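Taking it in order: structure first as C-alpha cells, then the write-up.
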Amino acid sequence: MNETDKSYWLLSETSGIGETRDRALQRGLPATAGLRWLALGWRDFWRGPSTSIAYGVGVFLLSAAFVWTLFEFGRDYILFPSLAGFLIVAPFLAIGLYAKSRALGEGRTVGLASMLRTRPNAGPQVFFAGLLLSLLMLLWTRAAVLLWALFFGVTAFPGLDNVIGVLVGSAYGWAMIAVGTAIGGLFAAFAFSISVFSVPMMLDRRVDALTAMGTSMKLVWNNLPAMIGWGAMVIALFALCVATGLLGMIVIFPLLGHATWHAYVAVARPGA
Numbered sequence: 002m003n004e005t006d007k008s009y010w011l012l013s014e015t016s017g018i019g020e021t022r023d024r025a026l027q028r029g030l031p032a033t034a035g036l037r038w039l040a041l042g043w044r045d046f047w048r049g050p051s052t053s054i055a056y057g058v059g060v061f062l063l064s065a066a067f068v069w070t071l072f073e074f075g076r077d078y079i080l081f082p083s084l085a086g087f088l089i090v091a092p093f094l095a096i097g098l099y100a101k102s103r104a105l106g107e108g109r110t111v112g113l114a115s116m117l118r119t120r121p122n123a124g125p126q127v128f129f130a131g132l133l134l135s136l137l138m139l140l141w142t143r144a145a146v147l148l149w150a151l152f153f154g155v156t157a158f159p160g161l162d163n164v165i166g167v168l169v170g171s172a173y174g175w176a177m178i179a180v181g182t183a184i185g186g187l188f189a190a191f192a193f194s195i196s197v198f199s200v201p202m203m204l205d206r207r208v209d210a211l212t213a214m215g216t217s218m219k220l221v222w223n224n225l226p227a228m229i230g231w232g233a234m235v236i237a238l239f240a241l242c243v244a245t246g247l248l249g250m251i252v253i254f255p256l257l258g259h260a261t262w263h264a265y266v267a268v269a270r271p272g273a
C-alpha cells in the first residue's frame with residue numbers, strides 16, 4: 002500500500018507519536034537554552050527601559066485590579082486557579098513586548114504608544130487566539146471549582162486564611178492536591194504548547210490562529226528538552242512574582258516577554 006492509499010477513517014489505521022517528529026523542526030537546543038533567552042530579554046529590557054517598565058506597571062495594575070475584583074465580589078475561592086490561569090493568557094498580553102524586541106533586532110526603536118498600538122501581521126486572528134486562550138483559562142478555573150466540590154462537597158470556601166490548613170490537615174485535602182496538580186499540569190502543558198510560539202508567530206506572520214497554535218505545539222514537541230527547561234524557568238519566575246504580591250510583575254513580565262520573542266526566533270526562525 003502506498004502513501005496515497007492510506008486510510009484514516011475510524012479505526013482502519015491510526016497514526017503514532019513518531020509521525021509528529023519532524024527533523025526539520027528540531028533545533029538541537031539544550032535544556033538550558035532558556036538562560037540565553039533570558040539574557041537576551043534582559044538586554045532588550047535595558048534598551049529603552051522606561052517602555053518595558055511602564056508596560057510591566059500596566060500589567061501589574063491590571064492584575065491587581067483583577068485580584069481586588071475577586072475579593073470584592075466574594076470570588077476569592079478561585080484566586081489560586083486564576084493566578085495559575087494567568088500563565089495561559091500572558092502570551093497575548095505580552096504582544097507589545099514582542100514588538101519591541103522585534104524592532105530592536107531590526108535596528109529600530111519603538112515607544113510605549115507604538116507597543117500598545119502593535120498591529121500583528123495576522124490581523125484579527127490574534128484576538129481569536131486570545132479568545133481561545135481566555136476560554137481555556139475559564140475552563141481551568143471551573144475545573145478547579147469542580148475539584149473542590151468533588152473532594153469536599155458543596156461546602157463554603159473556608160477563606161484564604163484557612164484553606165491551607167484544610168488541604169494539608171486531611172486525607173481528602175492531600176488527595177485533592179495530588180489530583181489537582183496532575184490535572185493542572187495537563188492544562189498548563191497544553192496551554193503552554195499552543196501559546197508559547199503562536200502569539201509571536203501571529204505578530205510576525207500572516208497566519209490564522211489555529212495554524213499558529215498547531216505549529217507552536219509541533220515546535221514544542223520537537224524541541225522538548227529546551228521547552229521543558231524554558232517552561233520551568235517561566236513557572237519559577239512567575240512564582241517569584243506571586244511571592245512579592247505581584248510587584249515583581251513590573252520587571253519579570255517584561256523580561257519574560259522579551260525573552261519569549263528570542264525563544265521564538267531561536268526555535269521558529271532559526272538563522273534569523
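As numbered in the working numbering, residues 2 to 273 make up the sequence shown, in order.
Every residue, glycine too, gets a C-beta built ideally from N, C-alpha and C.
Here the structure is a predicted model, which means the values were calculated and not measured.
Whole-Å CB distance - residue i paired with residue j, under 8 Å assumed
i       : j       : result
Tyr-78  : Pro-201 : Not confirmed; about 34 Å, so no contact.
Ala-123 : Val-208 : 6 Å
Val-235 : Ser-194 : About 13 Å separates the two Cβ atoms, so there is no contact after all.
Asn-224 : Gln-27  : 6 Å
Leu-148 : Ala-192 : 17 Å between Cβ atoms; not a contact.
Val-127 : Met-203 : 5 Å
Leu-168 : Ile-178 : 6 Å
Gly-181 : Trp-141 : Gly-181 to Trp-141, Cβ: 11 Å. No contact.
Gly-97  : Tyr-56  : 6 Å
Ser-196 : Leu-134 : 6 Å
Cβ neighbour criterion (16 or more within 10 Å) applied to residue i
i       : result
Asp-23  : exposed
Ala-227 : buried
Thr-156 : exposed
Pro-125 : exposed
Asn-3   : Note that Asn-3 has pLDDT 48, beneath the 50 cutoff, so the model's placement of it is unreliable and the number below is only indicative. So Asn-3 counts as exposed.
Ala-91  : buried
Close beta carbons around residue i, own chain, < 6 Å, minus the five adjacent residues each side
i       : result
Ala-1   : Residue 1 cannot be examined here, being either before or after the span of the chain that is shown, 2 to 273.
Phe-129 : Ala-210
Ala-260 : Trp-38, Leu-39 and Gly-42
Backbone CA spacing between residue i and residue j [nearest angstrom]
i       : j       : result
Leu-151 : Ala-114 : 47 Å
Arg-120 : Lys-101 : 12 Å
Ala-240 : Ile-253 : 10 Å
Thr-245 : Ile-251 : 11 Å
Val-111 : Phe-72  : 37 Å
Gly-185 : Ile-89  : 12 Å
Trp-175 : Met-116 : 45 Å
Met-214 : Leu-30  : 21 Å
Arg-109 : Gly-232 : 29 Å
Ala-189 : Arg-48  : 32 Å
Other residues of its chain near residue i: CB distance less than 7 Å, five sequence neighbours each side excluded
i       : result
Gly-230 : Ala-32, Thr-33, Ala-34 and Gly-35
Leu-238 : Ile-253 and Leu-257
Check your understanding: Which ranges does the alpha helix (DSSP H) cover as unbroken runs of at least 4 residues, wholly within the stretch 164 to 237, from first to last along the chain?
Key -> Whole alpha helix (DSSP H) segments, 4+ residues: 172 to 196, 199 to 205 and 210 to 222.
**Study point:** Every unbroken beta strand (DSSP E) within the stretch 17 to 80, with a cutoff of 3 residues, ordered by chain
**Key:** For the stretch 17 to 80, not one full-length beta strand (DSSP E) segment reaches 3 residues or more.
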